[in-house]
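Each residue of the sequence shown is one higher than the last, beginning at 3 in the working numbering.
All residues carry an ideal CB built from backbone N, CA and C; glycine is no exception.
Predicted, not measured: the structure shown is a model, and the values here were computed from it.
Data first, discussion second: the structure below is written as structure tokens.
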Amino acid sequence: MASQETPNSFQLVEDLVSVIVPAYNCEQYLRQCIDSIIEQSYKDIEIILVDDGSTDNTGEICDAYAIRDKRIRVIHTKNNGPAAARNIAIRESEGSLIFFLDADDFIDKKAVNELVAYYRQYGVDMVVGDFHKFRYDHTGIDHEGAFPDSRLLTKQDIIDYTRSYLKKPNKHPLFTYSWGRLFKAVIIKEHNIVFDERLHTFEDVTFNFEYLKYTDRMFFLKRPLYNHLVHDNYTSASL
């Protein structure tokens with residue numbers, strides 16, 4: 003892996019994927035999440051765990067994993083929410099690609115490898131994978147994917163899809179989440195794209211829209227690589 007210096011003087015490690023996990027009071031799920039990252043078939047990753055002021059054993063679990071795997075870095079902060087936690091990790095990240103993962107979710111073993119492969123094949127600014135939704139008992143939940151098949155989206159396709167999203171957000175989930183996709187770190191860092199720390203819901207949407215301003219092409223992979231836990235008190239089902 004070679005370092006590439008950007009015009010704004012920060013350095014990124016080419017082909018390194020920075021996997022960012024904000025974690026708050028999630029001891030029940032965290033081990034499954036971290037294990038799924040460690041077991042990735044794509045090995046050129048750094049794992050940044052941000053303990054967001056947890057009051058349970060989340061911080062201790064993070065520290066224990068960092069001792070076991072040198073690719074893991076742990077950042078302990080006071081509780082400011084997932085947006086602030088992700089922003090801290092973005093600043094500390096060194097990879098040329100960034101992947102967000104929530105601490106109560108987990109990914110398939112080939113998730114990062116597949117996303118990187120399509121990123122290289124098509125030379126796009128973002129690769130979005132499909133996902134599973136599941137409950138505590140691991141029963142699945144049906145959800146409508148962004149598209150019925152894998153496809154390459156041009157700038158005009160992105161604009162058209164954005165217009166559709168703004169009309170019917172529930173029917174167009176592509177921009178609702180920041181997790182489960184690859185972002186180019188150079189776009190995020192050169193344009194100072196951050197999560198709005200004033201928001202505690204839909205902060206992903208504002209981040210995605212800001213990123214898309216600098217996106218010319220993206221690829222959607224119609225293969226569920228990400229497993230997303232839906233909580234009983236989930237309040238973002240409708241807008």
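Please list the terminal residues of the continuous beta strand (DSSP E) segment that includes residue i.
i: F209; result: Counting along the chain, F209 falls outside any beta strand (DSSP E), though it belongs to the alpha helix (DSSP H) covering E205 to L214.
i: T79; result: I74 to T79
i: N229; result: M220 to L231
i: L155; result: R153 to L155
i: D65; result: Premise fails: D65 lies in the alpha helix (DSSP H), T60 to R70, not in any beta strand (DSSP E).
i: K186; result: R183 to K186
i: S20; result: Q13 to A25
i: F101; result: G97 to F102
Tell me which residue opens and which closes the alpha helix (DSSP H) that residue i is part of.
i: Q123; result: A113 to Y124
i: S38; result: L32 to I40
What are the residues that DSSP puts in a beta bridge with residue i?
i: H193; result: For H193, which the question treats as bridged, DSSP gives no partner whatsoever.
i: D132; result: P226
i: Q158; result: In the DSSP output, where bridge partners are listed per residue, Q158 has none listed.
i: A85; result: DSSP, once it has assigned bridges, lists no residue as partnering A85.
i: D54; result: T79
i: F108; result: N229
i: P150; result: Answer is none; P150 lacks a bridge partner.
i: E29; result: Paired residue(s): none; E29 is not in a bridge.
i: I90; result: Partner(s): none; I90 has no beta bridge.
i: E48; result: S20
Measuring only the C-alpha atoms, how far is residue i from residue j?
i: Y67; j: H78; result: 14 Å
i: V207; j: S180; result: 8 Å
i: Y213; j: I195; result: 7 Å
i: V23; j: F101; result: 9 Å
i: L2; j: F185; result: A question about residue 2 goes unanswered here, because the residues of the chain that appear run from 3 up to 241.
i: I47; j: P150; result: 30 Å
i: D1; j: H233; result: The chain is shown only over 3 to 241; residue 1 falls outside these bounds and no answer can be derived.
i: Y44; j: A113; result: 8 Å
i: Q158; j: N210; result: 16 Å
i: A85; j: I92; result: 11 Å
i: L201; j: R88; result: 13 Å
i: D162; j: S152; result: 17 Å
i: Y31; j: D106; result: 5 Å
i: F222; j: Q34; result: 26 Å
i: E192; j: H134; result: 32 Å
i: V188; j: S56; result: 31 Å
i: D104; j: V21; result: 10 Å
i: Q13; j: I190; result: 13 Å
i: E41; j: N229; result: 15 Å
i: N81; j: V15; result: 30 Å
i: V130; j: E62; result: 32 Å
i: E116; j: I36; result: 19 Å
i: Q205; j: I69; result: Correcting the residue type first, residue 205 is Glu in the shown sequence and not Gln. Going from the Cα of E205 to the Cα of I69 covers about 32 Å.
i: T256; j: L176; result: No statement about residue 256 is possible, as the shown extent of the chain runs from 3 to 241 and does not include it.
i: I160; j: V126; result: 12 Å
Under the assumption that residue i contacts residue j (Cβ atoms under 8 Å), give the Cβ distance between them as a whole number of angstroms.
i: I39; j: I49; result: 5 Å
i: R219; j: Y124; result: 7 Å
i: F136; j: L231; result: 6 Å
i: R183; j: M128; result: 6 Å
i: D71; j: T60; result: Between T60 and D71 the Cβ distance is about 17 Å, and since that is not below 8 Å, they are no contact.
i: S95; j: D17; result: Going by Cβ atoms, the distance from S95 to D17 rounds to 14 Å, so no, they are not a contact pair.
i: E29; j: D65; result: Not a contact, Cβ separation roughly 13 Å.
Would you say residue i lies against chain B (beta-carbon separation less than 8 Å)?
i: S43; result: Absence of chain B from the displayed structure is noted, only one protein chain being present.
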